[in-house]
Amino acid sequence: MTDPAPTSDLTSGLPERLIKYKVQYAHHREVNRDALTPMMRHYVELKDQYPNALLLYRIGDFFETFFQDAIAVARELEIVLTAKHAGEAVGQVPLAGIPHHALDRYCALLVERGYAVAVCDQTEDAADVQGRLVQRQVTRIITPGTVLEEGMLNARCNNFLVAVVIAGQQWGLAYADVSTGEFLTTQAENLEHLTQELMRLQPAEVLVPTNAPDLVSLLRPGEKSDQLPDCLPSQFCYTLRPQAPFVLSEARYRLLQRFKVRSLEGMGCEHLPLAVRAAGGLLEYLETTSERGSLDPEGETQNSKLKTQNSKLARASLQKVPLQPLCTYTLSEYLTIDYQTRRNLEITQTARDGTFHGSLLWALDRTSTGMGGRMLRRWLLQPLLNLTDIQARQDSLEELVYNSFLRQNVQRLLKQIYDLERLAGRAGSGTANARDLVALADSFARLPDLAAVVAKTQSPYLVALQATPPELETMGRLLRSHLVENPPLTLSEGNLIRDGVNPTLDELRHQVEEDQKWIRDLEAIERERTGIQTLKVNYNKTFGYYISISRAKAEQAPKDYQRKQTLTNEERYITTELKERENRILSARDELNRLEYEIFADLRSQVGAQAEQIRTVARAVAAADVLCGLAEVAALQGYCRPRMTCDRRIEIINGRHPVVEQSLPSGFFVPNSTDLGGQQAAEKEVIEDREGGAGELPLKSKVQNPKSKTDQGQSQAKSQKPKAKIDGQPANQTNCSSPDLIILTGPNASGKSCYMRQVGLIQLMAQMGSYVPAQAATLGICDRIFTRVGAVDDLATGQSTFMVEMNETANILNHATPRSLVLLDEIGRGTATFDGLSIAWAVAEYLATEIRARTIFATHYHELNELASILPNVANYQVTVKELPDQIVFLHQVQPGGADRSYGIEAGRLAGLPAAVIQRAKQVMGQIEKHSKIAIGLRQSNSSTKAVQDRSSNTYLDASDPTSEQLTIFGS
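Just so you know, we're using our numbering here: the sequence shown kicks off at 637 and counts up by one.
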């Protein structure tokens, strides 16, 4: 035996405490195959067929791995790396194994960490094999993107498998969730959009076609390859695939054959070659992994006969994953939310630590089913652009909000419905167990009750539940009449089917019961016959049934007793009749289990044939679940139905942050109002006035008060439109009431970021069809929401905090439109004061004049307040505080006007900076304020500026030379 010894390069990353033997062969290709034992040679041959997967090889009660797989398994699962004799000339090879009963648990860990797993199981009983190798075959291939097992999936998240095809700046993408059957594809231009779509989908695995000669590796998150384009994010698993399945002709043919159609026109992708190529390549990958046919989900059967039958069945036919017909979508169908915005708005997880608690999804998720939870996530990540679709969701939501009895009854029934999408998927792929079918039967039984509850509703999403497909009702009755109420988890031990279903089954059960009764009575009969009161009749798997007599009474054993085993304290015997009864019981039990499995498999096939119809119902149930949850939140939190329009106006009265509000005690959150994007209507009036000779700009005298309520006085203020002439003085000395751009100033930690985020979240919630946390809201449709909030660096790519900030800002300026909502926080703070102020000024000016996007620009550069004096579509707002002699109180109220202080020193004092530091900071601050000329220079420059609007280009022009202005704004 090889002495234990630690190794270096071969076991890099593996703790020495887990290494029990010196590793000589770290890869299966290094060994001389002719010198291996037959079993190890078989393992190596299988490993060649599945080079990118960890091969788990069943040996007795363990699944074992060897060579490089053993090292990886030992490292990832933190189990001991030992060795196995592989042949006289080879010696020991690395070995790591896991118990067969813990297979799913360990597979889930490996798949979660980015590995693919190939499970090689025994297809016959080792006890029946004499003089040859036990037959084994790969029965399951589990990759991160092809998981079907319930224990390996997050019930409220999709598990997407994605395929991408890139041709220059054009790309095609297809994605599928094999557990739910979703199958979609798209084609677009601009690789940045591909990156953002991948970030939205968060795929478990991405397929990339390549011409690389070595396709053996699955790239785990963070691993790099020259074969991956730069536009693909590094945090996903990538599987390199050959080009052949992604060729257009082969991909198209595969799709036509799979869905039995003659054209792809009905799927919307006939003229999208890259989308077709991606979808066809993905389908081919499923056919070579998930659709192989398999043994029972447990990978084990009662006896060799049944195992052999299952093995033949597996080789004879493929178990196809029931995918829905391919659906084509476009990115322009939905509100675009890039990764930075999802992170900054904390839609599905928090930005700080990536947790679910504290995200928007956490605040809104009151769903009762897993499929409802997944749909709510999709709705949040893909808000709508179509006004009719938004209003359809609002109508259904309104009915549920105002009818609490209806809502509660629907939710009560939803809690009794299981995850129909994934149950149908497992049934269709042949991996469902008996408990899955019972769950389907129980769910089908609730559908008529659900239909009765919503029978009188009129909103579209509830009307969809008013009819229950009769086929599913019939299927539910069939399953309940055939399956026992509480079936076992495994399919190999019988007890699945009710009595009265099959006469042969009932006869076999009766025979087994009679023989077992005879054996139970045998102990009393033999005690009376022999006079040995301590005689017992027992059973174990090795010897079967036997008669046990203590050694002291062994001499009294009858002559017809045949000694089977001698132990220290007892003798074990059998009789001819006992052995015959045992053989009858075991034979009948084997036949019984085989017949039960056949009946169950037939039931499972019938359910699988209805997978598409089940999923259609599941989508309707999931939508109702989402709407009930949103209605529950709206009713409890006092949300309102927003009025959605096609203009640019964003008017929110007493809006609240949906997450922060729930995190605080009731009534503690301070609401604030917002009014953006109303300048188009004002400009129209200006044009009309100018054509009439007035030459005046309309200015609304109303000033938005975050704490005020909508009343008659406000309505009168809105209707009054006094006008200020352009006569060389700033045209906007007072705040514009509905500007395109708000300059938001105020102290540190006063709530500026919270205010900006709440506006973005309210807009997003409205476009997903939800009610919103506000007293009232009128919201124009946005095409994109952009955010630039917080300080984040990317040291892995060599980008500082400021460079990341500039990259994100550049992305916004290059892609925002007048219909976008832009939320910017602290632009320019990561560099020198003058540089940062200059950049912030230029960015704000560009957004207001060139893009005209609806923007909230939070800043501590108070000099930016001067923009409101130059540009008529800019207004100043501030987060107010109350100053006391020794402290400040944050009021968290957003009111008109610009702040002139940030109270940063006070924030430092609250954080615990030493008193000496605070005192010195105040001294330095006084000196800086005394000698600073920045604001003076800005005011001097602006007083000589004539701001006029060029109506044809929507830009604001200055009468003075722009270069001169840039040189003089900071004073002399």
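Backbone N, C-alpha and C define an ideal beta-carbon position, used for all residues, glycine too.
Quick caveat, the model's predicted, so the values are computed rather than measured.
About 33 Å separates the CB atoms of V844 and L1056; that is not less than 8 Å, and the two are not in contact. In the displayed model, A987 falls within coil according to three-state DSSP, outside both helix and strand. Distance from A887 to G916 at the Cβ level is roughly 2 Å; contact confirmed, criterion being Cβ atoms closer than 8 Å.
By the Cβ neighbour-count rule, A1091 is exposed, with fewer than 16 other Cβ atoms within 10 Å of its own. E841 places its beta carbon less than 7 Å from that of L797.
Here the C-alpha atom of A689 lies approximately 26 Å from the C-alpha atom of C867. E1444 and S1406 have their C-alpha atoms roughly 29 Å apart. The residues Y1182, S1184, K1200 and Q1201, in chain order, have a CB closer than 6 Å to that of R1208 in the same chain once the five nearest residues on each side in sequence are set aside.
In the structure shown, D1055 falls within a coil segment according to DSSP collapsed to helix, strand and coil. Sorting D1419, Q1298, A1468 and A1480 by C-alpha distance to the C-alpha of L1380 places A1480 at the top. Counted as a single uninterrupted DSSP element, the stretch harbouring A880 is not any alpha helix (DSSP H), since DSSP gives it neither H nor E. Counting other Cβ atoms within 10 Å of its Cβ, R1013 reaches 16 or more and is therefore classed as buried.
Per DSSP, N847 lies in no alpha helix (DSSP H) segment and is marked neither H nor E. Comparing alpha carbon positions, the residue from A1478, R1043, L996 and R1284 closest to A1260 is R1043. Per DSSP, the beta bridge partners of Y1182 are N1174. Looking at the DSSP output, E1206 sits in a beta bridge with S1186. Residue environment: V765 is assigned as exposed (fewer than 16 neighbouring CB atoms within 10 Å of its CB, all protein chains considered).
Secondary-structure assignment with DSSP links V774 through a beta bridge to C756. Secondary structure at D1001: coil, using DSSP grouped into helix, strand and coil. If you look at I1421, you'll find it in the beta strand (DSSP E) that goes R1420 to R1424. For K1177, the closest of H1146, K1189, Q1198 and E1218 by C-alpha to C-alpha distance is E1218. From the listed residues L731, D740, V883 and V957, the smallest Cα separation to V801 is found for V883. Taking a 10 Å sphere around the C-beta of Q1169, we find fewer than 16 other C-beta atoms and assign the residue as exposed.
Runs of beta strand (DSSP E) with 3 or more residues, each lying fully within the stretch 691-760, are found at 698-702, 718-721, 728-735 and 752-758, listed in chain order.
For F992, no beta strand (DSSP E) run applies, since DSSP gives it neither H nor E. About 15 Å separates the Cβ atoms of A732 and A754, ruling out a contact at the 8 Å cut-off. If you check the CB distance, S1386 and F1526 come in under 7 Å.
Beta-bridge pairing by DSSP links F1526 to V1517. Around R1029, the same chain offers G1405 as residues with beta carbons nearer than 6 Å, after the five sequence neighbours per side are excluded. In this structure, Q728 lies away from G817, with their beta-carbon atoms at least 7 Å apart. In the DSSP annotation of this structure, the continuous segment of the beta strand (DSSP E) that includes M1280 starts and ends at R1279 to T1281. DSSP places V1090 in the coil class of the three-state scheme, outside both helix and strand. Contact between the stretch 1484-1491 and the stretch 1456-1467 is present: three or more C-beta pairs spanning the two stretches fall below 8 Å. Residue environment: E920 is assigned as buried (16 or more neighbouring CB atoms within 10 Å of its CB, all protein chains considered). Put simply, the backbone Cα of V814 is about 18 Å away from that of R836. Approximately 13 Å separates the beta-carbon atoms of R1292 and P1278; this is outside 8 Å, ruling out the contact.
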